[in-house]
Amino acid sequence: MVTNITKTVTIYIDDVSYQVPAGANLVDAAKALGNDIPVFCYHPKMSPVGMCRMCLVELGSIEKDRATGEVVLDDKGQPKVRWFPKLQTACTTNVSDGMTVRTNTKQVDQARENVVEFLLTSHPLDCPVCDKGGECPLQNLTMEHGPGKTRMNFADKMHLDKHVPLGDLIFLDEERCIQCARCIRFQDEVAGDDVLAFHERGRSLQIITNSEPGFDSYFSGNTTDICPVGALTTADFRFGARPWELTNVPSICPQCPVGCNTSLSTRLDRDAGGRAIIKRVMPRQNEQVNEIWICDKGRFGHHFSRGADRLQIPMTGNAPASLTRALQVAADKLKAAGSDVAVIAGSSMSNEDLWALKQLANGLGSERLGAWPPTHAGADLVAQVGVGKGTNLSALGKGDAVLIIASDLEEEAPVWRLRINQARKRGAIVVVANARKTQMDEFASETATFEYGEAPKFMADIEASDLGKKLAAANNLIILTGADGLTLVESRALMQSAANFLIKTGHIGKANNGLMSAFPGSNAMGLYYMGFTPEATLDIAQKPPKVLIVAQSDLIADDPSVGEWLTKVETIISLTLFNDALAGLATVALPIQSFAERDGTFVNGERRVQRFYTAQGPIGEATPAWQVAGRIGELLGQGKVKLSAAAVMLDITKSVPAFEGARYKELAHVEPQFPMIQKDVYYGGTAYENTGGLGVQIPTAADQGETLNVGEVFVPETPKVGKGKMLIIPTQVLYNRERTFQSSELMHPRVADPYAEINSADAKRLNINNGDMVEIAIAGASAIRVRAQVDGRAPKGAVILPRHLATNAVPLTATVGSISKVGQAAVVEG
Amino acid sequence: MHILLRGRDISDIYKFDVYTANGGYEGLKKAVSMKPSEVIDLVKASNLRGRGGAGFSAGMKWSFIPQSEPIKYVAVNADESEAGTFKDREILETNPHQLIEGAMICAWAIQATAVYIYLRGEFWDVAHALDERIAEARKAGFVGDNVLGSGWNCNVYTHLGAGAYICGEESALLESLEGKLGQPRVRPPFPAQKGGGLYKEATVVNNVETLTNAPWILVNGPDEYKKIGTEQSSGNKIFCVSGHVNKPGNYELPLGTTFRELLYTHAGGIANGKQIKGILPSGGSGPIMRVNGNDDPILDTKLSYEDMAKAGTILGSASIIVMDETVDMVWVASKAIKFFKHESCGKCTPCREGTFWLDKVVDRILSGKGQESDVDLINNIAKNMSGVTLCALGDFAANPIIHTIKNFPEDFKAHVEKKEVAAEKAAPAKAAPAPRRGKEAAAQAGD
Amino acid sequence: MDLIKGFRTTFKHVLQEPVTIQYPEQEKPFQERFKGRHELKRYDNGLEKCIGCSLCAAACPADAIWVEASENTDEERYSPGERYAKTYEINMLRCIFCGYCEDACPTEAIVLTQEHRLSFTNRRDAIYTKDMLIVPPPEGTEGSPQQVEPGKFNRPIPDMENPK
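These protein sequences, in sequence, are chains U, E and Z.
The numbering used here puts the first sequence at residues 1 to 830.
The numbering used here puts the second sequence at residues 1 to 447.
The numbering used here puts the third sequence at residues 1 to 164.
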């Protein structure tokens with residue numbers, strides 16, 4: 001589908017000749033020429049099936065003399081056209097030279113009218129109560145092509161179930177379904193989770209889910225966008241508002257490093273005091289980032305922005321205070337500490353916030369800027385040999401390769417998983433290398449395993465292996481790393497080895513080649529560019545400063561070991577979204593605004609600087625973090641606070657070379673994209689046309705031909721696991737109990753109960769059965785109680801312990817501990 | 001002379017020994033001794049046309065298979081589900097080895113890697129018996145590895161469908177064979193092309209009866225075969241006669257036999273001394289013929305592909321359902337549309353919605369509540385359905401409406417003018433007692 | 001002469017019936033088409049006709065109507081079908097009584113009555129909420145919400161007449 005086809009052919013649509021790319025789909029080609037051939041079942045992102053019959057056209061080809069290849073002329077000297085005797089579906093036709101199409105004849109009009117009439121015979125007159133009403137392809141195409149009045153007796157209509165939950169998130173109205181199979185095909189072809197199917201036949205044909213739990217896919221929400229009727233609706237938006245009442249604000253998903261472009265549909269709400277709130281999150285087209293898809297976490301996980309636990313007023317010493325007073329207290333504390341100050345900033349803070357925090361710290365003479373959570377190292381390597389400028393995962397195909405190492409991408413960056421799986425379907429080699437079995441194995445063309453802790457070694461030695469040779473020989477190679485089971489040092493070593501391999505094999509400095517990493521949060525790369533590093537965080541923990549500014553980081557929930565050193569910090573200044581445990585500990589807690597309430601920018605994992613806009617009304621006295629930091633700086637005499645986020649960004653573009661050319665105006669630049677998602681919802685679905693900007697990709701050092709410095713690879717010794725101990729591997733799951741996800745109550749049934757996976761051999765040895773309650777003891781942390789899952793996925797000697805599922809914090813990185821059945825002493829082996 | 005229904009001449013020819021003793025597998029032996037392309041040319045020369053309904057040249061179909069492909073398949077269409085058709089069943093039950101041999105000849109001609117026999121779900125007993133016959137042939141070296149010492153490997157498998165008429169359509173058959181929902185595919189690519197057949201490999205899909213002809217052609221030569229039948233329709237055809245005749249059943253006769261000969265000489269004439277009113281020459285899907293009594297010259301129409309087309313109808317699978325003067329044609333249309341409504345796969349809009357709607361309106365007319373405008377309405381709906389669907393079922397489903405209205409307007413008029421009312425009253429008189437298979441066919445014809 | 005002419009007119013009118021009436025003791029009947037204050041109607045079984053579709057708000061040229069919808073359950077049913085109006089407010093200061101809302105309503109839920117005596121002492125009071133607009137439930141019914149047997153009221157829009 002990527003339009004890198006250079007050869008063109010001549011086709012005739014309604015007697016006008018056009019040059020179009022050879023082999024293009026006729027519907028797409030006509031669309032590009034401004035001729036809208038109506039469709040219901042065809043979707044530009046999926047292969048055509050010709051089911052709905054809406055796109056019928058008159059089709060013919062110019063006759064050519066077989067012997068001479070000359071065009072045969074008729075009596076009038078016009079080229080003679082050989083027409084098909086019947087109308088043909090445009091969606092199943094690819095353009096070829098001399099193809100002649102008529103879309104405006106009486107016959108075609110009649111056929112369209114007939115198809116609409118047929119569809120309406122079974123479609124209920126639900127438009128007033130239907131969530132799709134107002135942005136409904138069937139509604140629109142009925143107005144355009146449908147018959148003016150009905151010929152059907154209303155008593156003859158089908159009456160079917162109108163409330164069928166396909167899963168916890170998606171509801172099916174069987175009456176409204178027009179059996180176009182877009183949802184089924186999306187799940188199979190695009191998402192790669194083949195969980196929907198047709199049941200029965202004829203007019204009884206119905207959508208069913210064949211997974212347990214129902215509709216078990218991280219991408220289920222997308223089916224509601226491409227559904228050409230209101231048959232599929234989301235639990236989130238059901239009856240939330242009429243589409244025409246919504247204001248759509250361009251935004252960026254704050255959940256993961258993919259940086260999906262979203263559109264926040266907002267509307268005033270009486271329950272929110274008459275302020276605008278997010279009614280739904282919709283994908284916004286950015287073909288380089290998320291195409292027109294988003295995952296369900298991004299779609300349904302927005303409720304934290306209006307969560308009841310948002311901190312609304314500043315607090316000093318656990319008592320409410322005015323903002324001026326709180327800022328003054330913070331400034332006084334900082335002034336008193338001199339340069340013994342450090343900042344820890346969360347990975348979902350905007351660049352503007354980070355810049356302002358950096359300015360504040362630098363102004364006090366401190367360079368201690370920590371990134372949170374300190375799990376993934378090597379952002380500097382991504383800046384050097386990251387995927388080249390112009391990278392588009394949709395361009396990967398035959399002859400290309402992707403190596404996913406130490407990452408459960410399905411859980412860490414779902415949309416990357418979706419796009420890489422599509423690349424595999426187009427013929428790219430996708431190698432998944434990990435120490436444990438994950439869902440990702442299903443989407444791999446090849447898998448490789450290594451022992452826990454061996455990932456850096458595996459990567460360092462890959463060159464000599466057959467696999468390494470195959471990867472080296474690929475036309476394009478992307479290495480996507482994670483930190484599954486790695487310590488920060490190991491993570492760095494893995495990144496270095498990966499960078500070295502890419503440099504050696506020449507897969508750097510060009511599009512679709514280079515390094516990517518499934519960093520936590522939406523702006524881990526921004527943290528790097530602003531000077532925040534995970535190594536600094538460890539340093540802060542080692543040598544706690546007098547005053548620590550913690551910005552948008554849930555230290556206590558994320559890491560059981562923070563208690564050890566946090567107590568040594570004299571003053572904590574917390575810039576926080578939530579009234580959480582840390583806000584309670586802090587001397588000053590300052591409420592900040594979430595991504596939905598202010599302007600800002602994130603840098604995604606592909607180093608694309610992307611801009612989000614103010615969508616919903618303010619909450620309490622929360623202000624943007626850049627403003628909080630700026631005002632404290634002002635009180636400390638560091639100069640006036642900037643007037644707007646745009647001004648902060650202007651400052652960044654002038655000071656940080658990487659951000660040159662990333663002013664707000666440039667970030668808002670848009671270009672026509674294929675497929676053309678416009679207001680005609682019937683073609684691409686209700687994903688939004690991108691009007692907020694495509695973002696700007698920061699070039700890598702390799703792109704610019706600068707000298708690269710990977711650094712000496714330090715492969716640490718694999719930690720020795722003592723007798724009777726196990727390796728505790730914290731992992732990431734998409735649906736968890738993080739504070740930023742907890743407020744989305746509709747997702748609760750989809751969040752797993754706390755569990756830990758262990759190997760069946762270990763389970764047998766420790767007398768643990770599947771489903772037993774077990775206790776995991778780790779030095780320096782309170783015991784974690786979870787259910788044991790003995791499913792043969794965990795490697796021997798390891799306990800796979802997802803983070804943010806249990807109430808007690810799970811260590812940030814791999815560590816050693818013991819596991820025992822509750823009510824039974826740990827089995828100690830001699 | 002029976003070419004296909006040889007079980008009528010030699011009652012236990014289904015047995016392997018009896019079949020081989022009567023010249024069985026000679027055709028395959030001869031084929032394997034020839035080059036595959038020569039076999040295709042020979043079958044082409046015989047003018048063997050597909051017996052499933054479309055009448056496409058079998059040899060041509062085989063020649064479309066790209067020889068360079070390493071994997072090719074033969075799919076045998078034994079999903080016999082057209083109303084009033086029961087010919088393949090008799091072949092499968094009484095002369096199975098000839099089908100296996102025919103399929104293997106086709107497989108040799110295209111150098112296929114496997115043969116799949118797709119049987120309708122109700123044929124489970126037939127399928128089990130057929131499995132034993134295949135095992136016998138495999139044991140004797142006619143099927144399986146190194147067929148007849150040629151070094152060519154080709155196995156034969158049976159597969160049962162789940163009871164869907166649409167799976168008789170070749171691309172839906174392939175979908176079903178792959179284990180998917182039986183729905184037709186978009187063409188091109190056609191089954192004979194790489195990417196369009198079974199598991200995306202080039203595939204020949206032929207009807208049981210078509211392939212059963214092949215051994216005879218191989219043994220006796222194409223010229224002998226062409227002597228039978230008419231110029232454009234060579235060979236014998238099994239005619240499945242059901243309805244108001246005295247002796248319903250299968251009749252294997254040369255193509256070009258007239259209706260009169262078939263119905264009076266062979267099928268024993270019209271039951272109960274009644275007059276013929278109409279004939280469905282190709283089950284529920286073909287256009288109905290109007291017959292004005294037993295002396296109507298239309299009965300002299302030859303049963304061949306070309307003559308039937310001239311008469312404005314089709315030969316199809318030659319399931320001839322005869323209806324006498326007691327039959328209400330609105331009732332026939334209603335039964336036919338109910339059948340198609342039940343069997344529409346639902347993939348494309350006009351057929352899925354059209355059959356559903358037609359059924360509602362025809363029912364209304366049948367129950368005497370219809371108006372004159374309803375007749376125009378169903379005629380229009382049926383016309384809107386035809387020619388725009390993915391497979392031919394949309395056209396088939398429109399046929400019973402369009403052609404009954406065209407040929408029997410007075411029956412519809414009677415209903416809307418409320419001269420006749422109750423649907424029960426409109427049901428035809430019981431047909432004459434018929435042999436087992438005929439009765440079943442009659443039941444099929446009546447939904 | 002002119003004087004006589006003038007008095008003639010006066011005397012002519014003395015004998016005619018007066019056109020003025022003693023409002024508010026006396027009231028003049030309205031034209032049937034007069035459009036006054038809105039009412040939200042109910043079905044005979046006490047369920048609300050309004051399904052919260054917001055079409056009235058969309059049709060309103062004065063932007064006077066505010067509707068927020070929510071979902072019905074059989075245990076707590078306000079209206080037939082899946083959707084009902086959780087919030088229904090009309091700002092009577094904005095309303096121009098054009099009746100477009102009535103035209104737009106697919107269930108004939110909102111109806112303009114002949115009530116014209118609307119007065120408020122502050123702007124807040126001019127906003128008529130759903131409680132004020134909805135008619136009392138018919139006698140013998142429990143009004144809304146009510147618990148109903150499952151599957152009985154699953155259609156939001158009443159059946160329509162067949163095409164002729």
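Cβ coordinates follow ideal geometry from the N, Cα and C atoms, glycine included.
Note that the structure is predicted; figures quoted are calculated from it, not measured.
**Message:** Less than 6 Å between C-beta atoms, sequence neighbours within five positions excluded: which residues of the same chain meet that for A107 of chain E?
**Reply:** Taking the first residue of the second sequence as position 1, residue 107 of chain E is located at position 107. Closer than 6 Å at the Cβ level, and outside the excluded window around A107 of chain E, lie V74, V115, C154.
**Message:** I want to see whether chain U comes within less than 7 Å of P287 of chain E, judged by CB atoms only; does it?
**Reply:** Within the second sequence, the letter at position 287 stands for residue 287 of chain E. Not an interface residue.
**Message:** I want to see whether chain U comes within less than 7 Å of D447 of chain E, judged by CB atoms only; does it?
**Reply:** To locate residue 447 of chain E, count along the second sequence from 1; it is residue 447. With a pLDDT of 38 at D447 of chain E, under the threshold of 50, the predicted position of this residue should be treated as unreliable, though the coordinate-derived value follows. Not an interface residue.
**Where the segment 49-82 of chain Z meets chain U: residues whose CB sits under 9 Å from a CB there** = I51, G52, C53, S54, L55, A57, A58, W66, V67, E68, A69, S70, E71, G81, E82
**Asked** Is DSSP giving M289 of chain E helix, strand or coil here?
**Response** Counted from its first residue, the second sequence places residue 289 of chain E at position 289. Of the three classes helix, strand and coil, the one that applies to M289 of chain E here is strand, per DSSP.
**Beta-ladder partner(s) of Q610 of chain U, from DSSP** = Residue numbering aside, residue 610 of chain U sits at position 610 when the first sequence is read from its first letter. BP columns for Q610 of chain U point to U:F602.
**Message:** For F154 of chain U, would you say it is in contact with chain E, using Cβ-to-Cβ distances shorter than 7 Å as the test?
**Reply:** Here residue 154 of chain U refers to the residue found at position 154 when the first sequence is read from its first residue. Answer no: the Cβ-Cβ gap between F154 of chain U and chain E never drops below 7 Å.
**Prompt:** Do P136 of chain Z and D44 of chain Z have their CB atoms nearer than 7 Å?
**Reply:** Within the third sequence, the letter at position 136 stands for residue 136 of chain Z. Within the third sequence, the letter at position 44 stands for residue 44 of chain Z. Contact flag unset, no.
**Message:** Applying the 10 Å Cβ sphere with the 16-neighbour rule, what's the burial state of A308 of chain U?
**Reply:** Position 308 of the first sequence, counted from the start, is the residue given in the question as residue 308 of chain U. With fewer than 16 Cβ atoms within 10 Å of its Cβ, A308 of chain U is classed as exposed.
**Request:** Could you spell out where the alpha helix (DSSP H) holding Y305 of chain E opens and where it closes?
**Result:** If you number the second sequence from 1, residue 305 of chain E lands on position 305. Its alpha helix (DSSP H) spans residues 305-310.
**Residue range of the beta strand (DSSP E) that includes T8 of chain U** = As a working mapping, residue 8 of chain U is identified with position 8 in the first sequence. Looking at the DSSP string, the run of the beta strand (DSSP E) that includes T8 of chain U is 8-13.
**Prompt:** Mapping DSSP to helix, strand and coil, what is R37 of chain Z?
**Reply:** Along the third sequence, one-based indexing puts residue 37 of chain Z at 37. In the structure shown, R37 of chain Z sits in coil (DSSP, three-state: anything other than H, G, I, E or B).
**Request:** Tell me, to the nearest whole angstrom, how far the beta carbon of Q88 of chain U is from that of V57 of chain U; I am working on the premise that it is less than 8 Å.
**Result:** Your numbering for residue 88 of chain U matches position 88 in the first sequence. Your numbering for residue 57 of chain U matches position 57 in the first sequence. With a Cβ gap of about 6 Å, Q88 of chain U and V57 of chain U count as contacting.
**Asked** Cβ of A498 of chain U within 7 Å of Cβ of I479 of chain U?
**Response** Residue 498 of chain U sits at position 498 when you count from the first residue of the first sequence. Residue 479 of chain U sits at position 479 when you count from the first residue of the first sequence. Yes; because the gap between Cβ atoms is below 7 Å, this pair is in contact.
**Request:** Quick one: residues in its chain with C-beta nearer than 8 Å to the C-beta of E424 of chain E, no 5 flanking neighbours on either side, listed in chain order?
**Result:** On the second sequence, residue 424 of chain E is found 424 positions in, with the first residue counted as 1. Model confidence at E424 of chain E stands at a pLDDT of 48, short of 50, so the residue's coordinates are unreliable; what they give is reported in the following sentence. Cβ neighbours of E424 of chain E beyond the five flanking positions: none.
**Request:** Could you list the residues in the segment 228-257 of chain U with a C-beta less than 9 Å from some C-beta on chain Z, going in chain order?
**Result:** R238, F239, G240, A241, R242, W244, E245
**Request:** Determine the extent of the beta strand (DSSP E) in which T233 of chain U is found, giving its start and end residues.
**Result:** On the first sequence, residue 233 of chain U is found 233 positions in, with the first residue counted as 1. Element bounds for T233 of chain U: 232-234.
**Item:** Residues near Q288 of chain U by beta carbon distance below 6 Å, same chain, minus five either side
**Value:** For the purposes of this step, residue 288 of chain U is taken as residue 288 along the first sequence, with counting starting at 1. Excluding positions up to five away in sequence, the list reads N392.
**Request:** Please classify P156 of chain Z: does DSSP put it in a helix, a strand, or coil?
**Result:** Here the question's residue 156 of chain Z lines up with position 156 in the third sequence. Three-state DSSP puts P156 of chain Z in coil, outside helix and strand.
**Asked** Can you find a CB in chain U that lies within less than 7 Å of the CB of R120 of chain E?
**Response** Walking along the second sequence from the start, residue 120 of chain E turns up at place 120. No, R120 of chain E does not count as interfacial toward chain U.
**Request:** Look at the alpha carbon of W331 of chain E and the alpha carbon of K86 of chain Z, and state the distance between them as a whole number of angstroms.
**Result:** Within the second sequence, the letter at position 331 stands for residue 331 of chain E. Within the third sequence, the letter at position 86 stands for residue 86 of chain Z. Cα to Cα, the separation comes out at about 52 Å.
**Request:** Identify which residue in U:L59, U:P79, U:C55 has its Cα closest to the Cα of D65 of chain U.
**Result:** On the first sequence, position 65 is the one that residue 65 of chain U refers to. The option with the nearest alpha carbon to D65 of chain U is U:P79.
**Message:** Comparing C-alpha positions only, which one of U:G98, U:R803, U:G146 sits nearest to T731 of chain U?
**Reply:** For this step, residue 731 of chain U is matched to residue 731 along the first sequence. For T731 of chain U, the nearest C-alpha among the options comes from U:R803.
**Message:** So with CB distances below 9 Å, who are the chain Z contacts of R270 of chain U?
**Reply:** Here residue 270 of chain U is taken as the residue at index 270 of the first sequence, counted from 1. Within chain Z, the residues near R270 of chain U are W66, E68, K86, T87, E89.
**Request:** Measure the C-alpha to C-alpha separation of E417 of chain E and S373 of chain E and round it to an integer number of angstroms.
**Result:** Working through the second sequence from its first residue, we reach residue 417 of chain E at position 417. Working through the second sequence from its first residue, we reach residue 373 of chain E at position 373. Spanning the two alpha carbons is a distance of roughly 12 Å.
**Request:** Give a yes or no on whether 7 Å exceeds the smallest Cβ distance from V2 of chain U to chain E.
**Result:** Working through the first sequence from its first residue, we reach residue 2 of chain U at position 2. Any reading at V2 of chain U must be qualified, since the residue scores a pLDDT of 46, below 50, and its modelled position is unreliable; the value itself is stated next. So no, V2 of chain U is outside the interface.
**Asked** How big is the Cα-Cα spacing for Q146 of chain Z and E75 of chain Z?
**Response** Residue mapping note: residue 146 of chain Z aligns to position 146 of the third sequence, counting from 1. Residue mapping note: residue 75 of chain Z aligns to position 75 of the third sequence, counting from 1. Going by the C-alpha atoms only, they are around 7 Å apart.
**Request:** Decide yes or no for the touch test of the segment 636-649 of chain U against the segment 687-697 of chain U: beta carbon pairs closer than 8 Å, at least 3 of them.
**Result:** no
**Message:** For D145 of chain E, which residues in the same chain have their Cβ closer than 7 Å to its Cβ, ignoring the five residues on either side in sequence?
**Reply:** Numbered from 1 along the second sequence, position 145 holds the residue referred to as residue 145 of chain E. So the qualifying residues of the chain are N153.
**Asked** Which residue comes first and which comes last in the alpha helix (DSSP H) that contains K106 of chain U?
**Response** As a working note, residue 106 of chain U is residue 106 in the first sequence. Residues 106-122.
**Through-space distance from D466 of chain U to L548 of chain U, alpha-carbon basis** = Here residue 548 of chain U refers to the residue found at position 548 when the first sequence is read from its first residue. Here residue 466 of chain U refers to the residue found at position 466 when the first sequence is read from its first residue. Going from the Cα of L548 of chain U to the Cα of D466 of chain U covers about 50 Å.
**Item:** Residue-level contact to chain Z via CB, P128 of chain U, 7 Å cutoff
**Value:** Taking the first residue of the first sequence as position 1, residue 128 of chain U is located at position 128. Yes, its Cβ sits closer than 7 Å to a Cβ of chain Z.
**Request:** Pick out whichever of E:V322, E:T258, E:V362 has its Cα sitting closest to the Cα of D156 of chain U.
**Result:** Position 156 of the first sequence holds residue 156 of chain U. Cα-wise, what sits closest to D156 of chain U is E:V362.
**Prompt:** What are the uninterrupted segments assigned as alpha helix (DSSP H) that are 4 or more residues long and contained completely in the segment 474-525 of chain U, given in chain order?
**Reply:** 488-504
**Prompt:** At which residues does the alpha helix (DSSP H) containing H199 of chain U begin and terminate?
**Reply:** Translated into positions along the first sequence, residue 199 of chain U becomes position 199. No alpha helix (DSSP H) holds H199 of chain U; the beta strand (DSSP E) holding it covers 196-199.
**Message:** Whole angstroms are fine: how far does the CA of A401 of chain U sit from the CA of E768 of chain U?
**Reply:** Here residue 768 of chain U refers to the residue found at position 768 when the first sequence is read from its first residue. Here residue 401 of chain U refers to the residue found at position 401 when the first sequence is read from its first residue. The sequence shown places Ile at residue 768 of chain U, not Glu. Spanning the two alpha carbons is a distance of roughly 41 Å.
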